[in-house]
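Quick note on numbering: the sequence shown equals residues 0 to 104 in numbering that gives the first Met the number 0. Where is the CB? At the ideal position from N, CA and C, for every residue including glycine. Here the structure comes first, spelled out in structure tokens, and everything after it is commentary.
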Amino acid sequence: MKKHLIIIACLASPIYGCVYKIDIQQGNLVSQDQVNQLRPGMSANQVRYVMGTPLLTDPFHPNRWDYVYSFQKGNGPRELLHLTLFFDADERLTALQGDFRPKTG
């Protein structure tokens, strides 16, 4: 009986090394379609309606909103996308920068 348990343990031991790594998704998922809807002069509320609530709001720079998205599939490389929106003193969209570009034309 003891011999059978040792054989089963030896045969099952390679299974112990098979660790499953989950996909990790964090932040705001931003699409190019959302960025294409942004126009200079839009109010902060209109931008929030299109883009959702920003992941980062800096108390020292209230006119800057940061949207960050990170995705890592299992053991694969991490994909990191970043979009920063800038507003003027009247809370109107003035500029954006990051990994997305607005549609021209």
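- For Gln45, no beta strand (DSSP E) run applies; the uninterrupted alpha helix (DSSP H) run containing it begins and ends at Ala43 to Met50, by DSSP.
- Remark: fewer than three beta-carbon pairs, one from each stretch, lie closer than 8 Å, so the stretch 71-83 and the stretch 40-48 are not flagged as touching.
- If you compare the alpha carbons of His60, Gly40 and Gln36 with that of Gly51, the shortest gap goes to Gln36.
- Ranked by how close their Cα comes to the Cα of Lys102, the residues Arg63, Leu28, Val34 and Ile7 have Val34 in first place.
- Under the three-state reduction of DSSP output, Gln36 falls in the coil class, being neither helix nor strand.
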